[in-house]
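**Student:**
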Amino acid sequence: MKNDHAVMLLQAVRDLAPGISARSTEIEAARRIPADLLDELKAAGCFRMFLPRSHGGYEVDVRTGMEVLETLARADGATGWTVMIGSESPHLFALLPRERFDAIYAGGPDVIIGGGFNAQGEAHAAAGGYRVTGRWSFASGCEHASFLFGNCVLMDGGRPLPGPTEGVPATRAMLFPASEVRILDTWSVLGLRGTGSHDIAVEAAFCPAERSFDIFQGTPAVASPGFVAPVLHFVLHMGAVAVGIAQGALDDTVALATSGKKRLYARASLAESPVFQVHLGRAETSVRAARALLRETGDAFWAACVNDPAAALGLAPQISAALAWVTETAARAVDACYQAGGGGVARDASPVQRRFRDMHTFSQHAAAAEGWLGQAGAALLGQATGFSI
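Each position in the sequence shown, counted from 1, maps to that position plus 40 in the working numbering.
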């Protein structure tokens, strides 16, 4: 059962969705979420939804979070993605010492972090912390973040320190106030343009040890079901955004067909075409299947987080495989919408074209690669699994 905050949050984002959809062209042109819309999303509670109630958050369950993100991505893919990244801030801050976590939220619940998960920096041990140099790609929402982080290879004497897995170096994320990090305007891309996922960089910057954390192996300082295995929560959130983008493409295609659209040389209108109806029906069924798998997987994960956190970690292969399959399925559904729309959807003004570009940009993310399906296969065979694909 959803708590009161969850019910209010879902209604708030449903109320915001039509206005967000109407501003999609503006969001894409700006390559970021406009400041006034960002304020509305904060007021709705989007960036505090996973934060514990003890710190002013809503502490919603994983199903509610996925519904919120799908709703926003259905309205606009870039908005869904940007809120996803920002709403996950507490999960990352929780990997810091508890006193640091508490201090970050002492001034209010809507603190946003951005940064780079890929270890594209170097951190050299220094008195009390690390001396850091690096440049990280894909720092979504960096222009409105209060803190930025970059994952780094830990160095000693000019050589990488060995990590827990043989052949893989030790890594650690370094956190900085946003004012100490350079943002490099690099986000000129195919889709998800409104996420403002520019590069960020620091050079010989000092990071205190207590402001560093282990993204993939760290133990959260917050004891709550919502903070069990943060990375697995992130994977499920991504799936919700994929489903939202695909559902938005279906909405736009139905609107196009019911407007009387008739393709050149066609005998019947799009809506009256049996071939179009078959393709549309298949695409819609595929999206429903993707949503159902994601929700079933999310519900099983949440139950484990509540009742048996160790078992939650064991669901990693299925969760990662679910994202890979959901992404493939969502992309096929969006492709069907694009192909059915005719030449008009190739124009920049077409929302279907934007959905197509957003979905195919999304599908390039490493977390959605088809190799994760192999991890699920390996698990079924009793073989070792991990982050490697």
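Quick reminder that beta carbons are idealized off the backbone N, C-alpha and C, glycines included.
Specify, as a first and last residue, the run of the alpha helix (DSSP H) that GLY161 falls within.
**Tutor:** Where GLY161 is concerned, there is no enclosing alpha helix (DSSP H), although the beta strand (DSSP E) it sits in stretches over 153-166.
**Student:** Starting from ASN191, trace the alpha helix (DSSP H) in both directions and tell me its first and last residue.
**Tutor:** Looking at the DSSP string, ASN191 is not in any alpha helix (DSSP H); the run it does join, the beta strand (DSSP E), is 187-196.
**Student:** Check whether the segment 126-142 touches the segment 400-420, counting contact only when three or more Cβ pairs, one atom from each stretch, lie closer than 8 Å.
**Tutor:** The segment 126-142 is not in contact with the segment 400-420.
**Student:** Which residue wins for smallest C-alpha separation from HIS273, given the options ALA52, GLY96, ASP101?
**Tutor:** Looking at the Cα atoms, ASP101 is the closest of the given residues.
**Student:** Report buried or exposed for ASP388, applying the criterion of at least 16 other Cβ atoms within 10 angstroms of its Cβ.
**Tutor:** Exposed, by the Cβ-count rule.
**Student:** From which residue to which residue does the beta strand (DSSP E) around VAL242 run?
**Tutor:** Here the beta strand (DSSP E) through VAL242 covers 238-248.
**Student:** Can you give the Cα-Cα distance for ARG397 and ARG88, rounded to whole angstroms?
**Tutor:** Cα to Cα, ARG397 sits roughly 29 Å from ARG88.
**Student:** Taking GLY85 as the reference, give the member of GLY126, PRO58, ILE67, SER61 with the closest Cα.
**Tutor:** For GLY85, the nearest C-alpha among the options comes from GLY126.
**Student:** Per DSSP, which residues does ARG215 bridge with? Please list them.
**Tutor:** The residue asked about is misnamed: residue 215 is Leu in this sequence, not Arg. Answer by DSSP bridge pairing, in chain order: PHE189.
**Student:** Rounded to the nearest angstrom, how far is the Cβ of ALA165 from that of VAL172, given a contact under 8 Å?
**Tutor:** Between VAL172 and ALA165 the Cβ distance is about 11 Å, and since that is not below 8 Å, they are no contact.
**Student:** Taking the alpha-carbon positions, what's the GLY156 to THR293 distance?
**Tutor:** Answer to the nearest angstrom: the Cα atoms are 35 Å apart.
**Student:** Which residue or residues does DSSP assign as beta-bridge partners of ALA263?
**Tutor:** Looking at the DSSP assignment, ALA263 forms no beta bridge with any residue, so it has no partner.
**Student:** With distances taken Cα to Cα, identify the nearest neighbour of VAL385 among HIS238, PHE267, ALA289.
**Tutor:** The candidate whose alpha carbon is nearest that of VAL385 is ALA289.
**Student:** On a CA-only basis, which of LEU78, VAL327, GLY422, VAL53 is nearest GLY234? Give me that one, please.
**Tutor:** Among LEU78, VAL327, GLY422, VAL53, the Cα nearest to that of GLY234 belongs to LEU78.
**Student:** What residues in its chain sit with their C-beta under 7 Å from that of PRO248, if we drop five residues either side in the sequence?
**Tutor:** Excluding residues within five positions, the ones whose Cβ falls inside 7 Å are GLY168, GLY169.
**Student:** Rounded to the nearest angstrom, how far is the Cβ of LEU109 from that of TYR98, given a contact under 8 Å?
**Tutor:** 14 Å between Cβ atoms; not a contact.
**Student:** Do you know how far the Cα of ARG212 is from the Cα of ALA75?
**Tutor:** Using only the alpha carbons, I get a separation of about 32 Å.
**Student:** Would you say THR367 and SER403 are within 8 Å of each other, going by their C-beta atoms?
**Tutor:** It is a contact, given that the beta carbons lie within the stated cut-off.
**Student:** Let's test the definition: count the other Cβ atoms within 10 Å of the Cβ of LEU194 and tell me whether it reaches 16, buried, or not, exposed.
**Tutor:** LEU194 should be labelled buried.
**Student:** Nearest to THR259 by CA position, among VAL283, LEU353, VAL208, is which residue?
**Tutor:** If we check each option's Cα against that of THR259, LEU353 comes out closest.
**Student:** Could you check if PRO58 is buried or exposed, using at least 16 other CB atoms within 10 Å of its CB as the buried criterion?
**Tutor:** Counting Cβ neighbours within 10 Å, PRO58 comes out exposed, since fewer than 16 surround it.
**Student:** Checking the sheet assignment: what are the DSSP bridge partners for ARG397?
**Tutor:** DSSP output for ARG397 lists no bridge partner at all.
**Student:** Quick check on the DSSP output: the beta strand (DSSP E) that includes TRP176 runs from which residue to which?
**Tutor:** Per DSSP, TRP176 belongs to the beta strand (DSSP E) from 169-179.
**Student:** Count the other CB atoms, across all protein chains shown, that sit within 10 Å of the CB of SER360; report buried if there are 16 or more and exposed otherwise.
**Tutor:** Buried.
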